[in-house]
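Colleague: Number 108 marks the last residue of the sequence shown (full-length UniProt numbering); no jumps.
First the structure, then my questions, so here it is.
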Amino acid sequence: ATVSAREPDPNPDDNTDTVTPVPVEAPPASTADLVLTKSVDEPTPTVGDVVTFTLRVHNQGPANATEVRVIEPLPSGYSYVAATPSVGTYDSATGVWTLGALATGGRA
């Protein structure tokens, strides 16, 4: 700040300004709200039946999601037959579905 006047200042040593820093909190990082739903076509199968499990992921935002993975091993007593992921890859040995990025509003 600068102060000036027509008259001379008899005490120029008191012409100081003190700045008090005010901490400002950073806004929270944007997060992604992922919703996972699981369904099965045959809830009460008998031995030998082929059962289809369907997993769906929806990113409700507000941010894009990155490095998305779903870990869903088969329940005990089931054998892996096939997977058809709409996005990414499924590793039947680990039960990990790797989607990668999922934009806000995105579904897989």
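Built from N, CA and C at the ideal position, the CB exists for glycine as well.
1) Using a threshold of 8 Å, state whether the C-beta atoms of residue 36 and residue 65 are closer than that.
2) Does DSSP put residue 13 in a helix, in a strand, or in coil?
3) Would DSSP call residue 34 helix, strand or coil?
4) Measuring straight from C-alpha to C-alpha, what distance separates residue 39 and residue 70?
5) Buried or exposed: which applies to residue 57, given that a residue is buried once 16 or more other Cβ atoms fall within 10 Å of its Cβ?
6) Would you mind listing the alpha helix (DSSP H) stretches within the UniProt domain "DUF11" (33-106) that are 4+ residues and don't spill past its ends, in chain order?
7) Go ahead and label residue 99 buried or exposed: buried means 16 or more other beta carbons lie within 10 angstroms of its beta carbon, across all protein chains shown.
8) Please report the Cβ distance between residue 92 and residue 80, rounded to the nearest whole angstrom; I am assuming they are in contact, meaning their Cβ atoms lie under 8 Å.
9) Assign residue 59 to buried or exposed, taking buried as 16 or more other Cβ atoms, counted over all protein chains shown, within 10 Å of its Cβ.
10) Comparing alpha-carbon positions, which option in 86, 63, 95, 76 lies nearest residue 34?
Modeller: Result, derived from the coordinates:
1) Start at 1 with the first residue of the sequence shown, and residue 36 comes out as number 36. Start at 1 with the first residue of the sequence shown, and residue 65 comes out as number 65. No, these two residues do not count as a Cβ contact at 8 Å.
2) One-based indexing of the sequence shown puts residue 13 at position 13. Three-state DSSP puts residue 13 in a helix.
3) Working through the sequence shown from its first residue, we reach residue 34 at position 34. In the structure shown, residue 34 sits in a strand (DSSP, three-state: E or B).
4) The residue labelled residue 39 in the question sits at position 39 within the sequence shown. The residue labelled residue 70 in the question sits at position 70 within the sequence shown. About 15 Å.
5) Here residue 57 corresponds to residue number 57 of the sequence shown, with the count starting at 1. Burial call: buried.
6) none
7) One-based indexing of the sequence shown puts residue 99 at position 99. Buried, by the Cβ-count rule.
8) Mapped onto the sequence shown, residue 92 falls at position 92. Mapped onto the sequence shown, residue 80 falls at position 80. Sure, about 4 Å apart at Cβ, within 8 Å.
9) By one-based count along the sequence shown, residue 59 stands at place 59. By the neighbour-count rule (16 or more Cβ atoms within 10 Å), residue 59 is buried.
10) Counting from one through the sequence shown, the residue named residue 34 turns up at place 34. Answer by Cα proximity: 63.
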